[in-house]
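In the working numbering, the protein residues as written are 1 to 133.
Working notes, beginning with the structure itself.
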Amino acid sequence: MQIQIVDILKISEIQEKFSSIFPFLKLEFFKKSPQASPLVIKQPLININKTLAESRTIFKANAEITITPNMTVSELEKQFNECYGLSTQVFRRSGNIWLVTTVTDKWTLEEQNKQGEIITKQVSERKSKLDQL
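Encoded structure:
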């Protein structure tokens, strides 16, 4: 499975397509500040109702990204930055919370998603056992 990212897609559509393939991952887009730091979480989110064309800050002819399961998180984030001038961050579900994947950015999207699934199921099972007590 793969996702073709093109200018006519709304940011929300990109997020929905991403989550449909990787249900335990979430892709967020941030406004890039002049003092962009590795902690993009502190930057404001961009309007998800706008298209990629309306949101991008870099305009390369025929810029296109193909998201695949074997792509690493760092590759994905780098491509959005280089092709569109957008800061992105992948989050992995861990039970009921979303964790930033900064420490595991070298993992593939597939590995991240699988780990999120495993942890979320373990948390759910523990919660069920506690609820039965």
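Ideal Cβ positions, reconstructed from N, Cα and C, are used throughout, including at glycine.
All of these numbers come straight from a predicted model, not from anything done at the bench.
Sorting Ser12, Phe22, Arg126 by C-alpha distance to the C-alpha of Ile67 places Phe22 at the top. Across the set Asp7, Phe24, Leu9, the C-alpha of Phe24 shows the shortest separation from the C-alpha of Leu109.
If you ignore the 5 residues before and after Gln79, its C-beta comes within less than 6 Å of the C-beta of Ile65, all in its own chain and listed in chain order. Secondary structure note for Leu52: its alpha helix (DSSP H) is the uninterrupted segment 52-55. Cα atoms of Phe91 and Gln115: separation of roughly 12 Å, rounded to the nearest angstrom.
A direct Cα-to-Cα measurement between Glu28 and Gln15 gives close to 7 Å.
Nearest C-alpha to Leu86 among Phe30, Ser20, Ile11: Phe30. Listed as beta-bridge partners of Gln4 by DSSP are Thr66.
If you draw a straight line from the Cα of Val73 to the Cα of Gln89, it is about 8 Å long. The beta carbon of Asn62 sits closer than 7 Å to none of the beta carbons in its chain outside the five residues before and after it.
For Lys26, the enclosing beta strand (DSSP E) begins and ends at 25-30.
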